[in-house]
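Worksheet: one structure, shown below.
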Amino acid sequence: SRDISEAEGSAGPRRSSASATTASAALAQPDFIMEDSKLVLAEMAAFMLEVGDAEALTEHLVGGYEGAAQHCNILANWLVNFADESAEDAKSSIESSLADRVTAAFDPVAVDESIIAEDPVAFLNWLTELVQFRQWRDLIYQLAQRHSTCAFLNWAIKEISERGFEEEMKHVPAACAKLPVFCRYLSTSLSKLLAEEFDRSMEKDLEQLLDMACYGEATYLFSQVLLYNLAQTPVNGRGHTVRRLGQELEKAALARGRDVSRYSVQLCGAHHYPRATSAMQSMLAKRQLNPADMLTLYQLYKQQDPPPAALLRLPLFVQLLTDALFLPESQEINAEYLHTYVYLLAVAAAARDSSSSLDTGHSGELSLTEAAIKRASDICRSNKHVMQSVRDLIKALRYPVVAYGVLGFVEKALSDERGCDLSQVEQASVYLILVDEVATNHPHLRPRILPMLCRLFEQFHPSLDELSQLEFKVRLVDRFVGIINL
């Protein structure tokens, strides 16, 4: 105290009583002596400069000491010594209790006001140290969910991201509202997904990316525009993977009930074909196919300069089209327009885009695909001669688009007892044989088959006796095992 008094006493004249009051208030704060040593020394120096009373300085520091940190240490030692807890468990208990107290008493307005009055350097040093600990980062995430407008929490989220912890923010929607944070996370996640061939180990990363990107309209559009531009200039031959990511993102948004049709239509490269985009957007917005719009698209794709096939590959449109062509009792299709549905699905499946235009040099493959779709659709929609036509269906299953449609048909038939008499073992077996064929020849559809089998396994069929129920479930388990071993 003497050294500080002498050094500061010779530095200049004493200042106003208002400044002295401010310095006294800082020193009198509870447990101020336990703060960062640089801050404490700075306030002590300021007090001596204003007041010059070493005894008063000592009284302020001692009088404000409550020993909260020391009490926590004592409690932790009691838990270890008397409650037979490990040191790590005791530490977690204390920290959990402190986090609960902070959560209950947190006032975002008061916190923001105190931060504004705080020394910016001291605040940044404290925050940098705080975010190094996982438990306090988790507390910040939790508070940010509740107080999205708090400036301190927004700054803390940004600081956490800059320190390299963006992987932890996968389940923190509040982080998505900060563009720099979201951009850094999106960049890291895409780099990881595009670095190597996609496999099942990456499914969790993909789901987390989709959750973040679907946080809001802005994050969805930002992600889709980025993927669209990446697809135009593919690196390391990953253009197909990037386009697939865009489709998965669109499907995730649709599953959450979002209407993203206007973005989908504009980002598929068909903006030079206003009639095509207008017809498509009309159907996507209503989630229902319209014969007049389908005829318009059919006529446009029959022209010399058709729109890009990407317009027909929008996930929602493909789902609506396959449901209409393969599911019994689905949308009625007038026989006069059936060929338009079949042709457009064949174009989506078999045609190739060359830059922004459709490549018509593969008409043979297109015709074969169209014929396979037509034959399989006739069998599935009638749902009367499946057993007699199983060979024709198996031949058509070599086309991925047919396999996709037939899977939907099989699930519908096995779920609806009017479409399949499960008590007839042979009839149920035919449908499961189709599933085997799809799983064997189309690995990319296996992730769809497993959830389908789960739903069928969990379903109860009241018309079946217990033995028949058991036999049917055994057959489903056989398919599970077979697919896992492929």
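Numbering (the numbering used here), first residue to last: 59 to 544. Cβ coordinates follow ideal geometry from the N, Cα and C atoms, glycine included. Only a predicted model underlies this, so the values are computations on that prediction, with no experimental measurement involved.
### Message
Measuring alpha carbon to alpha carbon, tell me which residue in 322, 89, 382, 128 is nearest residue 371.
### Response
On the sequence shown, position 313 is the one that residue 371 refers to. Taking only the C-alpha atoms, the option nearest residue 371 is 322.
### Rounded straight-line distance, which links the Cα of residue 359 to that of residue 325
If you number the sequence shown from 1, residue 325 lands on position 267. If you number the sequence shown from 1, residue 359 lands on position 301. If you take the alpha carbons of residue 325 and residue 359, they lie about 19 Å apart.
### Under 8 Å between C-beta atoms of residue 452 and residue 444
To locate residue 452, count along the sequence shown from 1; it is residue 394. To locate residue 444, count along the sequence shown from 1; it is residue 386. In this structure, the beta-carbon distance from residue 452 to residue 444 does not fall below 8 Å.
### Query
Which residue or residues does DSSP assign as beta-bridge partners of residue 537?
As a first step, residue 537 is located in the sequence shown; it is residue number 479 there, counting from the start. In DSSP, residue 537 forms no bridge with anything.
### Message
With DSSP as the reference, identify every bridge partner of residue 439, one or two as the case may be.
### Response
In the sequence shown, residue 439 corresponds to position 381, counting from 1. Beta-bridge pairing links residue 439 to no other residue.
### Query
Among residues of its own chain, excluding the 5 on either side of residue 517, which ones have a beta-carbon nearer than 7 Å to its beta-carbon?
Indexing the sequence shown from 1 puts residue 517 at position 459. Around residue 517: 473.
### Task
Could you name the residues of the same chain whose beta carbon sits closer than 7 Å to that of residue 413, not counting the 5 residues immediately before and after it, in chain order?
For this step, residue 413 is matched to residue 355 along the sequence shown. Below a pLDDT of 50, predicted positions are generally treated as unreliable, and residue 413, at 42, falls in that range; the measurement from the model is reported next regardless. Hits under 7 Å: none found.
#### Entry: C-alpha gap between residue 448 and residue 305, whole angstroms
Along the sequence shown, one-based indexing puts residue 448 at 390. Along the sequence shown, one-based indexing puts residue 305 at 247. Cα to Cα, the separation comes out at about 32 Å.
### Query
If we count the other Cβ atoms within 10 Å of its Cβ and call it buried at 16 or more, is residue 287 buried or exposed?
Along the sequence shown, one-based indexing puts residue 287 at 229. Sixteen is the threshold: since fewer than 16 other Cβ atoms of the shown chains lie within 10 Å of the Cβ of residue 287, the residue is exposed.
### Reference residue 154, options 122, 283, 200, closest by Cα
Counting from 1 along the sequence shown, the entry for residue 154 is found at position 96. Comparing Cα-Cα distances from residue 154 to each of 122, 283, 200, the minimum goes to 200.
### Query
Taking only runs of the alpha helix (DSSP H) that begin and end inside the stretch 293 to 323, which ones reach a length of at least 4 residues, in chain order?
Segments of the alpha helix (DSSP H) lying fully in the stretch 293 to 323: 297 to 313.
### Task
Would you please state the rounded distance, in angstroms, between the beta carbons of residue 515 and residue 534? I believe it to be under 8 Å.
Taking the sequence shown and counting its residues from 1, one reaches residue 515 at position 457. Taking the sequence shown and counting its residues from 1, one reaches residue 534 at position 476. Between residue 534 and residue 515 the Cβ distance is about 5 Å, and since that is below 8 Å, they are a contact.
#### Entry: Three-state class that DSSP yields for residue 545 in the structure shown
Residue 545 lies beyond the stretch modelled for the chain, which goes from 59 to 544, so this question has no answer here.
### Query
So what's residue 333 in DSSP terms, helix, strand or just coil?
Residue numbering aside, residue 333 sits at position 275 when the sequence shown is read from its first letter. In this structure, DSSP gives residue 333 a helical state, which the three-state scheme calls helix.
### Message
Let me check one thing: in DSSP terms, what residues is residue 456 bridge-paired to?
### Response
For the purposes of this step, residue 456 is identified with residue 398 of the sequence shown, where counting begins at 1. For residue 456, which the question treats as bridged, DSSP gives no partner whatsoever.
### Query
Three-state secondary structure (DSSP) at residue 603?
Since the first and last residues shown for the chain are 59 and 544, residue 603 lies out of range.
### Message
Across the stretch 125 to 138 and the stretch 87 to 105, are there enough close Cβ pairs to call them in contact, namely three or more that are closer than 8 Å?
### Response
Contact holds: three or more Cβ-Cβ distances are below 8 Å.
### Distance between residue 492 and residue 434 (C-alpha atoms, nearest Å)
For the purposes of this step, residue 434 is taken as residue 376 along the sequence shown, with counting starting at 1. For the purposes of this step, residue 492 is taken as residue 434 along the sequence shown, with counting starting at 1. The straight-line gap from Cα to Cα measures roughly 12 Å.
### Message
Give me, in chain order, the residues of the same chain whose beta-carbon lies closer than 8 Å to that of residue 300; leave out the 5 immediate sequence neighbours on both sides.
### Response
Working through the sequence shown from its first residue, we reach residue 300 at position 242. Contacts found: 252, 285, 288, 289, 292.
### Message
Only counting the same chain, and skipping five residues up and downstream in sequence, which positions put a Cβ closer than 6 Å to that of residue 166?
### Response
One-based indexing of the sequence shown puts residue 166 at position 108. Only 205, 208 meet the Cβ criterion.
### Query
Could you give the distance in angstroms between the alpha-carbon of residue 134 and the alpha-carbon of residue 194?
As a first step, residue 134 is located in the sequence shown; it is residue number 76 there, counting from the start. As a first step, residue 194 is located in the sequence shown; it is residue number 136 there, counting from the start. Rounded to whole angstroms, residue 134 to residue 194 spans 18 Å at the Cα level.
### Best match in 394, 486, 112 for proximity to residue 526 [C-alpha to C-alpha]
Working through the sequence shown from its first residue, we reach residue 526 at position 468. Residue 486 is the option with its Cα nearest to residue 526.
### Query
To the nearest angstrom, how far is it from the Cα of residue 279 to the Cα of residue 186?
Position 221 of the sequence shown, counting from 1, holds the residue named residue 279. Position 128 of the sequence shown, counting from 1, holds the residue named residue 186. Taking the straight line from one Cα to the other gives about 32 Å.
### Whole alpha helix (DSSP H) elements within the stretch 202 to 281, 4-residue minimum
If only uninterrupted alpha helix (DSSP H) runs of at least 4 residues are considered, those enclosed by the stretch 202 to 281 are 209 to 220, 231 to 234, 237 to 252, 261 to 271.
#### Entry: Straight-line gap, residue 377 to residue 496 (C-alpha atoms, nearest Å)
By one-based count along the sequence shown, residue 377 stands at place 319. By one-based count along the sequence shown, residue 496 stands at place 438. Annotation: residue 377 to residue 496 spans about 18 Å, alpha carbon to alpha carbon.
### Query
Below 8 Å between beta carbons: does that hold for residue 333 and residue 374?
For this step, residue 333 is matched to residue 275 along the sequence shown. For this step, residue 374 is matched to residue 316 along the sequence shown. For residue 333 and residue 374, no; Cβs fall outside 8 Å.
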